[in-house]
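In full-length UniProt numbering, the protein residues as written are 1 to 286. Cβ coordinates follow ideal geometry from the N, Cα and C atoms, glycine included. What you are looking at is a predicted structure, and each value in this text was computed from that prediction instead of being measured.
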């Protein structure tokens with residue numbers, strides 16, 4: 001197991017040959033020496049074990065460095081990476097593997113490449129700012145000249161379907177932006193639930209090896225349950241909103257219809273069948 005930050009890190013049972021100098025670690029990982037030192041200064045990477053005034057980095061360092069690279073490749077900022085690693089409370093290879101597994105469970109679907117011309121045709125727009133907005137929202141990633149990677153093809157396909165129904169793409173993106181804000185809040189609720197009720201007791205008990213399978217199973221089941229709950233809650237909310245909205249409109253229309261037409265003076269006109277004058281005064285000739 002690895003020691004905590006701020007102290008010399010020791011990996012029990014590791015082969016001395018697995019330890020590397022910072023230059024060797026840089027070559028093996030593809031991360032520059034400068035960045036390795038920067039990760040250490042920001043608390044992302046534990047300090048090396050010092051022997052004869054030379055720092056050595058073990059398998060735990062290499063595993064954490066790979067995870068940092070993976071997260072950054074996915075566009076995760078370093079501050080977020082640090083929070084994620086701090087939450088797990090350590091840098092053991094087992095915890096690193098757990099983080100990878102969790103990210104894999106919640107990773108978006110397979111990404112697709114698309115050309116700018118295809119986007120314009122699919123969403124029936126000549127707006128040159130569409131791709132830029134998609135990048136800003138995290139739906140697209142620019143990979144070359146007029147070439148983009150769709151981060152979530154399902155969302156992009158849904159937007160295309162709405163376009164086919166006559167809803168402008170920018171209006172659909174407005175809705176996606178609002179939904180994302182609400183989704184972030186929901187995601188936080190589930191993450192806090194897992195951390196408080198599952199991870200924290202497990203961590204407090206020293207992360208027993210025989211409990212790891214239960215932790216993995218729990219996160220997988222919570223992923224499925226969270227999706228089911230969201231769909232059920234959304235359907236209830238939409239049903240209630242439809243009832244309120246359309247019910248109000250129906251009542252308004254009924255009231256308008258029952259009021260009947262009115263004249264300019266606000267008095268109802270009537271026709272005297274005896275005289276046929278239609279004056280509305282009710283006076284009949286003798």
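From the options, residue whose alpha carbon lies closest to that of residue i
{"i": "residue 49", "options": "58, 41, 42 and 43", "result": "58"}
{"i": "residue 234", "options": "66, 54, 36 and 183", "result": "183"}
{"i": "residue 203", "options": "242, 36, 86 and 112", "result": "86"}
{"i": "residue 226", "options": "242, 211 and 193", "result": "193"}
{"i": "residue 70", "options": "149, 54, 97 and 111", "result": "97"}
{"i": "residue 20", "options": "240, 34 and 56", "result": "56"}
{"i": "residue 35", "options": "174, 18, 51 and 72", "result": "72"}
{"i": "residue 28", "options": "195, 66, 162 and 176", "result": "66"}
{"i": "residue 125", "options": "171, 175, 198 and 40", "result": "171"}
{"i": "residue 166", "options": "221, 122 and 143", "result": "122"}
{"i": "residue 68", "options": "54, 53, 38 and 52", "result": "38"}
{"i": "residue 63", "options": "252, 26, 53 and 241", "result": "26"}
{"i": "residue 175", "options": "40, 47 and 156", "result": "156"}
{"i": "residue 221", "options": "244, 190 and 237", "result": "190"}
Which of helix, strand or coil DSSP assigns to residue i
{"i": "residue 138", "result": "coil"}
{"i": "residue 149", "result": "strand"}
{"i": "residue 265", "result": "The predicted position of residue 265 is uncertain, since its pLDDT is 49 and thus under 50; no value can be drawn from it."}
{"i": "residue 42", "result": "coil"}
{"i": "residue 164", "result": "helix"}
{"i": "residue 104", "result": "helix"}
{"i": "residue 18", "result": "helix"}
Residue i CB to nearest heavy atom of the ligand NAD below 7 Å
{"i": "residue 106", "result": "For the structure depicted, the ligand NAD is absent and the ligand set is empty, with no information on it obtainable."}
Short Cβ contact (8 Å threshold) for residue i with residue j
{"i": "residue 186", "j": "residue 137", "result": "no"}
{"i": "residue 294", "j": "residue 45", "result": "The question about residue 294 has no answer here: the residues shown for the chain are numbered 1 through 286."}
{"i": "residue 42", "j": "residue 78", "result": "yes"}
{"i": "residue 169", "j": "residue 159", "result": "yes"}
{"i": "residue 154", "j": "residue 109", "result": "yes"}
{"i": "residue 106", "j": "residue 223", "result": "yes"}
{"i": "residue 33", "j": "residue 23", "result": "yes"}
{"i": "residue 112", "j": "residue 147", "result": "no"}
{"i": "residue 139", "j": "residue 130", "result": "no"}
{"i": "residue 133", "j": "residue 173", "result": "yes"}
{"i": "residue 142", "j": "residue 135", "result": "yes"}
Inset, instruction - Just list the alpha helix (DSSP H) runs in the stretch 176 to 264, keeping only unbroken ones of 4 residues or longer that don't cross its boundaries, in chain order. - result: 200 to 204 and 212 to 259
Inset, instruction - Would you list, in sequence order, the uninterrupted alpha helix (DSSP H) runs of no fewer than 4 residues that lie entirely inside the UniProt domain "HTH merR-type" (21 to 87)? - result: 22 to 29, 33 to 41 and 59 to 73
Inset, instruction - Evaluate the contact criterion for the stretch 101 to 116 versus the stretch 208 to 222: three or more CB pairs, one atom per stretch, below 8 Å. - result: yes
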